[in-house]
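Numbering (our numbering), first residue to last: 1065 to 2136. Where a beta carbon is used, it is the ideal one built from N, C-alpha and C, also for glycine.
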């Protein structure tokens, strides 16, 4: 490798191999020779000595290999061998990119004192038949001819021999000449050749990319597959290095993406699969440089995969009602449809308007034109999409780079909506497909990754936040205002501008003039209707705005047609001639300010500008026949004598004419198909230079904002998955999703989100409905393993509802763990507890209440003798015995029950009992003393709402029926308040409101209810007194007891006196 002649030797070897010519014989022998040639090329470039090859030599070697890959008359084995050799050679070549960093200035700088050699050139291979095999009829033996070491530009890679052989004398002369040449080379020092580098790699990449062009009919699918396979290896090996070199990067960001994105629309599974694989590889290795390309491609995947109708379509939205129930609902008519503005109207339309393409809704295609994709194609596209989405920070990256960017679409929101609406089968079909599983898994992965980031804050240590969350949210808010203003402008420019001024999007300058800000908005906003914009600018009352609009353009060094093209690509010319003249006049005045030397006056500029518009119409109007179109001479004659009574330079007019003739000035909306796509792609390339690089955000700092934005569709999807799941695996995924969402909502203090999760789970349990309770006849009781259980309708129904049981366990688990994050959700939780209690399903530990006389006792479901007359005629001496009768178990043997329950009903009841035990309800308030005061207030309000109905009490004429739930929730209220004694002053009003609401009707209430209420009130007073607070409120409570009717006082006298005695002991120092 260190020999000074190694460079010449290796380049001579490569030239000999690539220019080798031999006579064809039988196919097998010919292909064996070609195979040996391939092996020589591979060894030459992959060996250590291959480093000294020149750019020209490498290009010739790669051209030879590509030619063999594309010659369809060669056997498949040889073509595959050639492809394998090409891959090995590409690995070696692109590995070299990693060491070219130091050569960057040398390669790119044209200021070297030595003359730079011309860049090498590779011809694009064609699927031509091998010329070798055309002379198979000549049964001559293989005979190698002398190879030339001189590179001939147009020489074919593998040539067939001439039909007539050279005479022997000429052959001898050539041999002698070569011996002289070799002898001379041995004496003189070889001129060192520059080793190959960026020029050869750039040319190879260009040729491979050109093979992907879907509109080049000479390129077959087999050629595209070959090129994709080689490119995939090239990107895997040198993808990250390619990004360092502008010349290579430009090929990938422009032609490669343009071609391969269109290949992604094919129905050919092999071509589609390989195209998607290469796209994935490119984005993985060069994502920072492909910001807008990635936006376009992901939007394409979402639109292609979204069904035209049904639950997964883009016409569905998420709705949350006042209680927190989440559901998917169809958009309400045209109003919602109009409210959605496509934030990507500046991006190319991937669907070129053909009947074989899947069209965008915004292009007003009829439903009959919408093409349903096959299951196989759908799975490939979906796999590609979820592969993007499963990257750890990808969803954050989308939100940061696109949703919070004024010129990009809401890609994060679109993707979350798509995954959510396609995570479960359509309710009409219930056919779970693999695509639903993929979407659900991706959605849950997104939530799971967020949980991991929040739990592990170490990833933030080395991260420098580029933009604060607040700034991003403000940008997002401004973007929504701009989109809404754009929609209004497209309906009525006056309404849209007024809205934008009111919201400070368009602002006045120091002189109170809005034109500068307005014109900037009109030019920079992609979503404006170009026709409406042109009509607005053309109105006479908006002439000042038009002038300000024109002043934004830089026409330095531009020819008239080039400047006019810049203008007319931003809006569509209005239809009226006066409006056109007004636009032309304003443009000409601005253009003339830049001092074009070919134009003498502003008036001449106006005439020339108008003539260019007319020329563009004449040359490209399909209604004008080709032979009737204006010639160059006619055009020159039409504008003669108008340049300050002189003529414009003919060369200037010729350049304008030819530019317009070859390239029409057009708007994206004016053309469908390839023409419109190419124009929009050019615009995307221009926007790429302004949008900056794609930023990766490895931080949890944005997670709260992202979760707050995405929780509705995510929770709705998980709820639908839970309700439609047919297998345990899917149910487990949904349960995990609920837990993760609840954990995030609690961590981020998003209480409405947490409540919504609780409400949805509570609804799924089926325990909110207790309408079948029949109080006239008690439910039957069964004895199982020595324990008595009530077989109620709710218990049987709940025991049969497997999903309801799972929902209950999950709901109580997250409320027990994150109860401090619940607000409105407590109402549903307490309603379920009430129904469980009324059906004897609550754990006995929750029924234990404190008593001043007996210590603790249980709350009975029904009193033994509920008649009020017996309550009022009791004597003091029978108080304890009467009370004990109230506290008897409701399961006495002398009552009448329903028919005996079936075994299945008993089994279902036992399932319900086991499920309630698994819910661990007794732990629900274990951490109640750590809750925030706001949480406690919401909980006490919910208890008041569920505990009793004041309206029923007011309507009662004689006696209020005994409601055990009133006593249960009274005990909850008192226990919660007493356990938070340090905050009793804040909780006291809610607890006493509940108590006073019962005692206001003490003469109508059941004795047990009144007694438990009095005990509870005195417990509150004792707690307050022990802390020496709320003394005036305590006196108020004692006065209430003093003013009881005598009959009520007699019924509760013992408990009252015992409580007052304890109260006096609690604050003996301040007793008066």
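Residue 1782: member of the alpha helix (DSSP H) spanning 1767 to 1788, first to last residue.
Within the same chain, and ignoring the five residues on either side of residue 1458 in sequence, the residues whose Cβ sits closer than 7 angstroms to its Cβ are 1452. With respect to residue 1806, residue 1873 sits apart: the two C-beta atoms are not nearer than 8 angstroms. Under the three-state reduction of DSSP, residue 1115 is assigned to helix. A direct Cα-to-Cα measurement between residue 1974 and residue 1863 gives close to 7 angstroms.
For residue 1613, the enclosing alpha helix (DSSP H) covers residues 1607 to 1614. Cα atoms of residue 1463 and residue 1603: separation of roughly 39 angstroms, rounded to the nearest angstrom. Approximately 32 angstroms separates the beta-carbon atoms of residue 1439 and residue 1298; this is outside 8 angstroms, ruling out the contact.
In the three-state scheme derived from DSSP, where H, G and I count as helix and E and B as strand, residue 2013 is classed as coil. By alpha-carbon distance to residue 1482, the top candidate from 1132, 1370, 1820 is 1370. Counting only the Cα atoms, residue 1744 lies some 10 angstroms from residue 1750. In this structure residue 1533 touches residue 1766 by the C-beta definition: roughly 6 angstroms separates them, less than 8 angstroms. The C-beta separation of residue 1283 from residue 1275 comes to about 6 angstroms, placing the pair in contact by the 8 angstroms criterion. Per the coordinates, the alpha-carbon of residue 1729 lies some 52 angstroms from the alpha-carbon of residue 1814. If one requires a minimum length of 3 residues, no beta strand (DSSP E) run lies completely within the segment 1620 to 1687. Beta-bridge pairing by DSSP links residue 1919 to 1915. Look at residue 1319 here: in three-state DSSP terms it is helix. A direct Cα-to-Cα measurement between residue 1466 and residue 1648 gives close to 36 angstroms. 8 angstroms or more divides the Cβ of residue 1759 from the Cβ of residue 1720.
Between residue 1842 and residue 1855, the C-beta spacing is not below 8 angstroms. Two segments are said to touch when three or more pairs of C-beta atoms, one from each, lie closer than 8 angstroms; by this definition the segment 1345 to 1363 does not touch the segment 1777 to 1786. When the five nearest sequence neighbours on each side are left out, the beta carbons in the same chain lying within less than 7 angstroms of the beta carbon of residue 1757 are those of 1352, 1353, 1355, in order along the chain.
The criterion of a C-beta distance shorter than 8 angstroms is not satisfied by residue 1446 and residue 1507. Taking a contact to require three or more Cβ pairs closer than 8 angstroms, the segment 1975 to 1994 and the segment 2014 to 2031 do not qualify as touching. Closest by C-alpha distance to residue 1095, out of 1077, 1136, 1109, is 1136. The Cβ atoms of residue 1600 and residue 1557 lie closer than 8 angstroms to each other. DSSP places residue 1710 in the strand class (E or B) of the three-state scheme. Residue 1146 places its beta carbon less than 8 angstroms from that of residue 1132. DSSP places residue 2093 in the coil class of the three-state scheme, outside both helix and strand. Here residue 1574 is exposed, its C-beta having fewer than 16 other C-beta atoms within 10 Å.
A distance below 7 angstroms between beta-carbons, with the five flanking residues on each side excluded, links residue 2051 to the following residues of its chain, in chain order: 2000, 2004, 2041, 2044.
Of all C-beta pairs linking the segment 1915 to 1923 to the segment 1873 to 1883, fewer than three are shorter than 8 angstroms, placing the two stretches out of contact.
Using a C-beta cut-off of 8 angstroms, the segment 1259 to 1273 makes contact with the segment 1301 to 1319, since at least three inter-stretch Cβ pairs fall below that distance. Of the residues assessed, residue 1593 falls on the buried side of the cut-off, its CB having 16 or more other CB atoms within 10 angstroms. By the neighbour-count definition (other C-beta atoms within 10 Å, threshold 16), residue 1848 is an exposed residue. Partner residues in the beta bridge of residue 1391, as assigned by DSSP, are 1383.
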